[in-house]
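First up is the structure itself, then whatever we jot down about it.
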Amino acid sequence: RARAIGLNIRGWQWIGLAFSGAFAGLAGGIFAYAKGSVFPTTLEIMTSLDAFVMTLLGGINTLSGPVVGSVIYTWLESEISRHTELWRAILGGIILAIVIFFPQGIVGFVQGRWEAWKDRKTEGAKA
5 RARAIGLNIR
15 GWQWIGLAFS
25 GAFAGLAGGI
35 FAYAKGSVFP
45 TTLEIMTSLD
55 AFVMTLLGGI
65 NTLSGPVVGS
75 VIYTWLESEI
85 SRHTELWRAI
95 LGGIILAIVI
105 FFPQGIVGFV
115 QGRWEAWKDR
125 KTEGAKA
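All residue numbers for the sequence shown refer to my numbering, where the first residue is 5 and numbers rise by one.
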């Protein structure tokens, strides 16, 4: 649609890439300054995967989805790891169940239910 109204899609993609890279670099610089030093184990692949899982849990089509997903993931990890040694397996099972049963993420599911409820309410008011 954007191309149909004359926007340079490729240019906007490059601008988005540049801004995201700049923000990532700024965040990395602030992180290194705050910690005093950075080691490869600090920024391993599992850290990136955790962020990806948090986004999937909350929902990728919403702005609040990753925030909600990170809160839920952090809370689950904290609670489960406190009670059992098998916390990674249990956390993985819970994450798998959430992703299977809520393919749009938790926020996407809640938004869908909210929209359905509003539609039923407006249909009831018209009748």
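Using N, Cα and C, we set each Cβ at its ideal position, and we do this for glycine too.
Using only CA atoms, which one of the options lies nearest to residue i?
i: E81; options: I99, G32 and W18; result: I99
i: V114; options: L61, T46 and G97; result: L61
Could you check if residue i is buried or exposed, using at least 16 other CB atoms within 10 Å of its CB as the buried criterion?
i: V111; result: buried
i: Y77; result: buried
i: P107; result: exposed
i: V42; result: exposed
i: P70; result: buried
i: I102; result: buried
i: I63; result: Before going further, note that residue 63 is Gly rather than Ile in the sequence given. By the neighbour-count rule (16 or more Cβ atoms within 10 Å), G63 is buried.
i: G1; result: Because residue 1 is not part of the residues shown, which for the chain are 5 to 131, the question remains open.
Give the DSSP-derived three-state secondary structure of residue i in the structure shown.
i: I64; result: coil
i: A6; result: coil
i: V111; result: helix
So the alpha helix (DSSP H) residue i belongs to, where does it begin and stop?
i: R92; result: W91 to F105
i: A28; result: I13 to K39
i: P70; result: G69 to H87
Go through its chain and collect everything with a Cβ distance to residue i's Cβ below 7 Å, but skip five positions before and after it.
i: I144; result: With the chain covering only 5 through 131, there is no way to say anything about residue 144.
i: V72; result: G62, I110 and V111
Might you give, ordered along the chain, the residues of its own chain that have their beta carbon closer than 6 Å to the beta carbon of residue i, omitting 5 neighbours on each side?
i: S74; result: M58
i: G20; result: none
Please go through the same chain and pick out, in chain order, the residues whose beta-carbon is closer than 8 Å to the beta-carbon of residue i, but skip the five residues on each side of it.
i: I13; result: A6 and R7
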